[in-house]
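Trainee: Sharing a structure here in structure tokens format.
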Amino acid sequence: MNKIMGQTGVSGYSRGWASLEASEIRYRRLFESAQDGILILDADTGKITDVNPFLIKMLGYSKEELLGKELWEIGTFKDIRASQKSFLELQTKKYVRYEDLPLKTKDGHFINVEFVSNVYLVNHHRVIQCNIRDITDRRRAEKLVLRSLKEKESLLRELHHRVKNNLQIITSLLQLKLGNSKNIEVINVFKQTQERIRVIALVHEKLCEGKDFMSIDISCYVRDLINSLLLAYGVDRGKITMKTNVTKVLLKMDIAVPCGLIINELLSNSFKYAFPGERRGKIILSLRLINKGTLEIKVSDDGIGFPKGFDLYKTKTVGLALVVSTIENQLGGKVKLNRVGGTHFRITFKI
Ligand SMILES: Nc1ncnc2c1ncn2[C@@H]1O[C@H](COP(=O)(O)OP(=O)(O)OP(=O)(O)O)[C@@H](O)[C@H]1O
Ligand SMILES: [Mg+2]
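Going by my numbering, the letters in the sequence shown line up with residues 736 to 1086, in that order.
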């Protein structure tokens, strides 16, 4: 019985020993073949107790030059050690991560590394394991991406600037063509066309000023648009009160342009038709996001209202036909017209 137990004990011991040996081999293999630098430090003294081949190659020091040295004796880590505070951090924090650390190699050039350290116990002795990953290529790629992003931004800014300038040239050409025409109908057609072009040019101007050159803050845009319309129609602010309530919403160019055109048509109509003669009144413009990314635009006046028998869907004029087709066909939205006590448009569409 004893013999058997003894034998079992011996074979259990040797099995334990064998598995320990196997695990040591496994650990060594991982350590030796790792494609990250690994440094083992004595947590109490800060001395290097082991270093893997990858780190030796990365830093250019021989194993002998590294082993037994304190971390800060090696030029490479002078930055980490800048003060012993850093080592204290490694000792006390259990886990330390430097995202981008410049390490100096033996031949004096710098590499960017990600440095992660963990403290753990080995036979009641505290050990610091530092994993060091060369991120020079990643940093280089990031710099390239950043540079090409900057280039893209300046190209976009330049593009919007040129589009805006070209649109201004078109309005000037129309002005030249209009010359000294006395025909009021011709003058109106030209003026309306110039205004519509200006509405689009203003979007490009705002895109130049924006952060990403792709979207604009509609509240700033509408504010400028209203000011230019008030000026163009010589609106008497004593006669017509203008109230606006526009929330800050960022809109992409393909939404901002139709929005601008719609607001331009409806506001210019209110300025032109709602308050003939001495009639006084109020125009209210509101723009806001309502549930589920739906934009709501309301343009309302308490003027004379549409002529009797007017049908929004049968108008031969350009302005309102443009509003209806832009909203319903281009933006897939809805137009509601309330003609009680003036003209009240409510427009909704998904952005
Ligand atoms: N807010 C309003 N109050 C009173 N009448 C209006 C109002 N808006 C439009 N109308 C009437 O509806 C008509 C059609 O408007 P619409 O904007 O389609 O054309 P327009 O302004 O005459 O020309 P344009 O094509 O240059 O816009 C106007 O001529 C005007 O009689
Ligand atoms: Mg009109």
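No residue lacks a Cβ here, since even glycine has one placed at the ideal position from N, Cα and C.
Let me check understanding here. Comparing Cα to Cα, which of TYR830, ASP872, PRO837 and ARG874 lies closest to ILE863?
Mentor: Looking up residue 863 in the sequence shown gives position 128. Comparing Cα positions, the closest option is TYR830.
Trainee: Below 8 Å, is the gap between the Cβ of PHE948 and the nearest heavy atom of ligand 1?
Mentor: To locate residue 948, count along the sequence shown from 1; it is residue 213. Not so, every heavy atom of ligand 1 lies at least 8 Å from the Cβ.
Trainee: So is the beta-carbon of ASN1004 under 8 Å away from any non-hydrogen atom of ligand 2?
Mentor: Sequence index remark: in the sequence shown, residue 1004 carries index 269 (1-based). Within the cutoff, so yes.
Trainee: So GLY772 and ILE867 are in contact, right, with Cβ under 8 Å, and what is the actual spacing, rounded?
Mentor: Taking the sequence shown and counting its residues from 1, the one referred to as residue 772 is at position 37. Taking the sequence shown and counting its residues from 1, the one referred to as residue 867 is at position 132. Right, their Cβ atoms sit about 4 Å apart.
Trainee: Which residues does DSSP list as the beta-bridge partners of LYS926?
Mentor: Counting from one through the sequence shown, the residue named residue 926 turns up at place 191. In DSSP, LYS926 forms no bridge with anything.
Trainee: Among the residues of its own chain, which have a CB less than 6 Å from the CB of ILE1038, if the five just before and after it don't count?
Mentor: Taking the first residue of the sequence shown as position 1, residue 1038 is located at position 303. At residue 1038 the sequence reads Gly, which differs from the Ile that was named. Answer for GLY1038: ALA1009, PHE1010, GLY1016 and GLY1077, listed in chain order.
Trainee: Could you check what DSSP says for MET949 in three-state terms: helix, strand or coil?
Mentor: Along the sequence shown, one-based indexing puts residue 949 at 214. In this structure, MET949 counts as coil in the three-state DSSP scheme.
Trainee: For GLN742, does the three-state DSSP call read helix, strand or coil?
Mentor: Walking along the sequence shown from the start, residue 742 turns up at place 7. For GLN742, the predicted model reports a pLDDT of 47, less than 50, meaning its position is unreliable; a value from the coordinates is still stated below. It is helical.
Trainee: Taking the runs of the alpha helix (DSSP H) that are 4 residues or longer, which of them lie wholly in the segment 861-938?
Mentor: As far as the segment 861-938 is concerned, its whole alpha helix (DSSP H) runs of at least 4 residues are 871-913.
Trainee: So, do the segment 798-806 and the segment 776-783 have three or more beta carbon pairs nearer to each other than 8 Å?
Mentor: yes
Trainee: With a threshold of 16 other CB atoms inside 10 Å of the CB of GLU1000, please say whether the residue is buried or exposed.
Mentor: Within the sequence shown, numbered from 1, the residue matching residue 1000 stands at position 265. Under this definition GLU1000 is a buried residue.
Trainee: Let's see if you can read the secondary structure: which residues bound the alpha helix (DSSP H) around GLY995?
Mentor: Here residue 995 corresponds to residue number 260 of the sequence shown, with the count starting at 1. From DSSP, the alpha helix (DSSP H) with GLY995 extends over 988-1004.
Trainee: Between which residues of its own chain and SER818 is the CB-CB distance below 7 Å, once the five residues before and five after are set aside?
Mentor: Here the question's residue 818 lines up with position 83 in the sequence shown. Because the pLDDT at SER818 is just 43, under 50, the model does not fix this residue reliably, and the value given afterwards should be weighed accordingly. Cβ within range, chain order: n/a, list empty.
Trainee: For ARG895, which residues from the same chain have a beta carbon less than 8 Å from its beta carbon, with the 5 sequence-adjacent residues on both sides left out?
Mentor: Position 160 of the sequence shown holds residue 895. Strictly speaking, residue 895 in this sequence is His, with Arg absent from that position. Excluding residues within five positions, the ones whose Cβ falls inside 8 Å are HIS939, GLU940, LEU942, CYS943 and PHE948.
Trainee: Tell me whether VAL992 is buried or exposed, calling it buried when 16 or more other Cβ atoms sit within 10 Å of its Cβ.
Mentor: Taking the sequence shown and counting its residues from 1, one reaches residue 992 at position 257. Burial call: buried.
Trainee: Give the straight-line distance between the Cα atoms of ILE1086 and LEU794, rounded to the nearest whole angstrom.
Mentor: Looking up residue 1086 in the sequence shown gives position 351. Looking up residue 794 in the sequence shown gives position 59. C-alpha separation (whole angstroms): 54 Å.
Trainee: Take ASN853 and list the residues in its own chain whose beta-carbon comes closer than 6 Å to its own, dropping the five residues that flank it on each side.
Mentor: The residue given as residue 853 occupies position 118 in the sequence shown. Within its own chain, the residues whose Cβ lies closer than 6 Å to the Cβ of ASN853, once the five positions on either side in sequence are excluded, are TYR830 and GLN864, listed in chain order.
Trainee: Quick check: ALA936 and THR906, are their CB atoms within less than 9 Å of each other?
Mentor: Indexing the sequence shown from 1 puts residue 936 at position 201. Indexing the sequence shown from 1 puts residue 906 at position 171. Yes, these two residues count as a Cβ contact at 9 Å.
Trainee: Considering only residues of the same chain and omitting the five flanking positions on each side of ALA769, which have a CB-CB separation below 8 Å?
Mentor: In the sequence shown, the residue the question calls residue 769 occupies position 34. These residues qualify, in order along the chain: ASN787 and PHE789.
Trainee: I'd like to know whether the C-beta atoms of LYS983 and ILE953 end up nearer to each other than 9 Å.
Mentor: If you number the sequence shown from 1, residue 983 lands on position 248. If you number the sequence shown from 1, residue 953 lands on position 218. It is a contact, given that the beta carbons lie within the stated cut-off.
Trainee: At a cut of 8 Å, does the segment 913-923 reach the segment 870-885 through at least three beta carbon pairs?
Mentor: no
Trainee: Out of curiosity, what's the CA-to-CA distance linking LEU776 and VAL857?
Mentor: Taking the sequence shown and counting its residues from 1, the one referred to as residue 776 is at position 41. Taking the sequence shown and counting its residues from 1, the one referred to as residue 857 is at position 122. Approximately 12 Å between the Cα atoms of the pair.
Trainee: When every heavy atom of ligand 2 is checked, does at least one fall within less than 8 Å of the C-beta of THR1052?
Mentor: Start at 1 with the first residue of the sequence shown, and residue 1052 comes out as number 317. At least one heavy atom of ligand 2 is nearer than 8 Å to the Cβ of THR1052, so yes.
Trainee: Between LEU891 and GLN910, what straight-line distance do the alpha-carbon atoms span, to the nearest angstrom?
Mentor: Numbered from 1 along the sequence shown, position 156 holds the residue referred to as residue 891. Numbered from 1 along the sequence shown, position 175 holds the residue referred to as residue 910. Each residue's alpha carbon lies about 29 Å from the other.
Trainee: Thinking C-beta only, is LEU1072 closer than 9 Å to LEU996?
Mentor: Counted from its first residue, the sequence shown places residue 996 at position 261. Counted from its first residue, the sequence shown places residue 1072 at position 337. Contact: no.
Trainee: What does the alpha-carbon distance come out to for the pair LEU964 and LYS899?
Mentor: Here residue 964 corresponds to residue number 229 of the sequence shown, with the count starting at 1. Here residue 899 corresponds to residue number 164 of the sequence shown, with the count starting at 1. Whole-angstrom Cα-Cα distance: 18 Å.
Trainee: By Cβ distance, which residues of its chain are closer than 6 Å to ASP835, with the 5 residues on each side in sequence left out?
Mentor: Mapped onto the sequence shown, residue 835 falls at position 100. Taking ASP835 as the centre and dropping the five residues before and after it, the same chain places the C-beta of ASN847 closer than 6 Å to its C-beta, in chain order.
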